[in-house]
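Novice: Protein chains in written order, with our numbering: chain X, 1 to 370; chain S, 1 to 370. A virtual CB, placed ideally from N, CA and C, is assigned to each residue, including glycine. One structure, as structure tokens, below. Some questions next.
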DNA sequence: ATAAGTTGCTTAAACGCTTAACCATTACTG
DNA sequence: CAGTAATGGTTAAGCGTTTAAGCAACTTAT
């Protein structure tokens, strides 16, 4: 156990007062440049590490943020955790995880527990259909732009638009959208975006898995074959999880992807780039979202001196842009206007700022880690 | 912002000293039962929440554990995080997450950062082929029983044995094992277990994805068809991730699962129960593992008074038992001794303590959340 | 009846840091 | 050249908790 030095040790070693050492290291008080330099050197020499506990007690700031993901079992959790941890870390904050065990009620309890543990602020990714009660504490909600009380989020709608435009440009005129809950703002935005980007004449069906499972039990087959027989040529899922389900189910029934039908997802989960066929999907800019959430939290924390945080949230316009990643699972509609199946040449970009990523079909040099 | 009361508030309200209040609430000093009762009531009435910072400063214990998953992007992370958080929470500890960004070098740095942040102990799930340097701090390593320095882990070998026995009992006599790295103890244990449970005459092939990708680029196809043509009737992957890759690839090529070949995985990832076919896999007892890891950590922390922690780790025998979950992706070998394709009746249990879970093929009442 | 022990509480110090207030110097200003 | 200001430090208080030590008042043993 390495001995831990404190300010007093440095002060004693240099024959100055603790206050001066503190000032020198924080750069706040008035210390001559030379002495400050000496102090910093001594601190480095001793390997001084400030005690967070002491600082926390003194300042009332723990420099810890809480992270609550309602659905901690969600495969997107790692990405969130990593992004938030990174953004927080840059700002000198640690991240404490809170678990609501998938329970909606427990969500609020989890938040409270983190606050009790001394978290200066909380990042929440709430479960669909949940409103976050104003806890009177700095809080940042990552949800959907159409959720009230939202702080920051991806522009799910535009993500949907990109999917819709992509499928439409491939000639698909009969599309089924696969979602889980109709009461999730995120999913509704995605589905809505897809719809809105399709030409008038496109035939659209909606399929909510939850309703299906209520009837046939959890984990039941989606029964997509009838859709194909009715002429659906593309399934646009609002999550890679559902896309995966669709792909395996269709392939099992001998439907060729993307030859017969196209399938797209959302979120670019870890395996999206390695399944066969690789999955066309839409990725959030987690790093950016985390940055904004943390920045907003810090703003609230710093500005906690004023009574009321007049500005309720950052509300950065329409949300962080999403990124379409075109892989193998989407292709020209059979008998569609394009007709050529081999090339899949350049496709129209739907997002001026950053067009879709076209991943090499041969998968050489893909950015996927395996 | 709810006003936060402290010990002094309670003391003042009751006309006693802070020390008495502290003693009463912690049950440590000498306080009359009646007064202690009164104090507890007053504390509850005021909604008193002890300041972790104050306590930490005084005791030198932050009551925070650090969690470092080398591969934070791994889909198993949520399960780990949830289990550890739960176990820690029960013991009154919070969990701080550390990120090593997949970088092996950064693993040690991540651990150090957590220690600097004041974590009393660290739980590490190291990356394959990594040794955790003795940091002179309480640490629990979750890895494989065959890793030196391991604290607790699942009995990956026996998990493999269960898979091997299962496939063998289904009549498979030519099996390919799919892994990622040959230098991962976990994967080697799983693969070794599988092998060891197969009868002498079984033909076994080993397929390491990393080597494949080094040659053909990341995300390349595994090229499983030749194996099937050579007579392989079952693919046993050491991770659901690879099993998924195998299933999609095989199905895409028109191979029927489990009709033509069987596929099994490891870890029971979130989607294992909903893809088509649902995946036969082996699940770790995360809750138990987390409990043991945390308990061991607490033991080290409490016993930190003695100079040397003579007992290096819990080393609970051979590791926590794993649980085989038989779903649809594994079935009788074609032309195998069993022959019947429809039933798949009762199969021999390979683990006396807790036999395999046989998930209903119709998937009614499955325990999977969707 | 007095020494010794027990009970129930208080006093006070300590943990390591921040920060307001204070006090010498030395440097400007009119 | 007195008066003001800036500079470079120090002192001391405080954050909320724990815990060793102290001290009455009572109980028991001798």
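Taking DSSP as the reference, what is the three-state secondary structure of residue 144 of chain S?
Specialist: coil
Novice: Residues in the same chain with beta-carbon distance under 6 Å from residue 210 of chain X, minus the five sequence neighbours each way, listed in chain order, please.
Specialist: Excluding its 5 nearest sequence neighbours in each direction, residue 210 of chain X has C-beta neighbours in its own chain below 6 Å: 180 and 181, listed in chain order.
Novice: Using beta-carbon positions only, say whether residue 118 of chain X and residue 69 of chain S come within less than 8 Å of one another.
Specialist: no
Novice: Where are the beta strand (DSSP E) runs, 3 residues long or more, that stay fully inside the stretch 138-218 of chain X, in chain order?
Specialist: 139-141, 174-179 and 203-208
Novice: Helix, strand or coil for residue 240 of chain X per DSSP?
Specialist: helix
Novice: Determine the direct distance from the alpha carbon of residue 290 of chain S to that of residue 91 of chain S, and round the result to whole angstroms.
Specialist: 12 Å
Novice: Counting only Cβ pairs nearer than 7 Å, list the residues of chain X close to residue 57 of chain S.
Specialist: 53, 54 and 57
Novice: Identify the contact partners of residue 99 of chain X in chain S, using a Cβ-Cβ distance below 7 Å as the criterion.
Specialist: 82, 85 and 86
Novice: If you reduce the DSSP assignment to three classes, tell me which class residue 88 of chain S lands in.
Specialist: helix
Novice: Cβ of residue 270 of chain X less than 8 Å from any chain S Cβ?
Specialist: yes
Novice: What's the call for residue 148 of chain X, buried or exposed, on a 16-neighbour Cβ count within 10 Å?
Specialist: exposed
Novice: Return the Cβ separation of residue 326 of chain S and residue 277 of chain S in integer angstroms, given the expectation that the two are a contact with Cβ distance under 8 Å.
Specialist: Between residue 277 of chain S and residue 326 of chain S the Cβ distance is about 12 Å, and since that is not below 8 Å, they are no contact.
Novice: Would a check of beta-carbon distances place residue 206 of chain S closer than 8 Å to chain X?
Specialist: So, not an interface residue.
Novice: Please report the distance separating the alpha-carbon of residue 270 of chain S from that of residue 116 of chain S.
Specialist: 34 Å
Novice: Measure from the alpha carbon of residue 329 of chain X to the alpha carbon of each residue in X/79, X/258, X/32 and X/284, then state which is nearest.
Specialist: The residue with the shortest Cα to Cα distance from residue 329 of chain X is X/258.
Novice: Could you check what DSSP says for residue 280 of chain S in three-state terms: helix, strand or coil?
Specialist: strand
Novice: How would you list, in chain order, the residues of chain S whose beta-carbon sits under 8 Å from the beta-carbon of residue 376 of chain X?
Specialist: The requested residue 376 of chain X is not part of the displayed model; chain X covers only 1 to 370.
Novice: Against residue 239 of chain X, what residues of chain S qualify as contacts under a CB-to-CB distance less than 8 Å, listed in chain order?
Specialist: Going along chain S, no residue has its Cβ under 8 Å from residue 239 of chain X, so there is no contact; the nearest lies around 10 Å.
Novice: Within 10 Å of its beta-carbon, does residue 261 of chain X have 16 or more other beta-carbons around it, so buried, or fewer, so exposed?
Specialist: buried
Novice: Tell me which same chain residues have a C-beta within less than 6 Å of the C-beta of residue 160 of chain X, skipping the five on either side of it?
Specialist: Cβ within range, chain order: 190, 193 and 194.
Novice: Can you name the residues that DSSP bridges to residue 99 of chain X?
Specialist: The bridge partners DSSP lists for residue 99 of chain X are X/69.
Novice: Does the beta carbon of residue 289 of chain X come closer than 8 Å to any beta carbon on chain S?
Specialist: no
Novice: In angstroms with no decimal places, state the Cα-to-Cα distance between residue 286 of chain S and residue 239 of chain S.
Specialist: 16 Å
Novice: How would you list, in chain order, the residues of chain X whose beta-carbon sits under 7 Å from the beta-carbon of residue 300 of chain S?
Specialist: Per Cβ cutoff of 7 Å: no residues; residue 300 of chain S is ~11 Å from chain X at best.
Novice: Could you tell me which residues DSSP pairs with residue 62 of chain X in its beta bridges?
Specialist: Its beta-bridge partners do not exist; DSSP assigns none.
Novice: Could you tell me the distance, in whole angstroms, from the CA atom of residue 265 of chain S to the CA atom of residue 298 of chain S?
Specialist: 34 Å
Novice: Please report the distance separating the alpha-carbon of residue 358 of chain S from that of residue 100 of chain X.
Specialist: 29 Å
Novice: Check whether the stretch 211-229 of chain S and the stretch 161-168 of chain S are in contact - that is, three or more C-beta pairs closer than 8 Å.
Specialist: no
Novice: In chain X, which residues lie with their C-beta within 9 Å of the C-beta of residue 74 of chain S?
Specialist: Going along chain X in sequence order, the residues near residue 74 of chain S (Cβ under 9 Å) are 78 and 270.
Novice: Name the residue from X/197, X/66, X/48 and X/153 whose alpha carbon lies nearest to the alpha carbon of residue 139 of chain X.
Specialist: X/66
Novice: Just verifying my parser: in three-state terms, what is the DSSP assignment at residue 272 of chain S?
Specialist: coil
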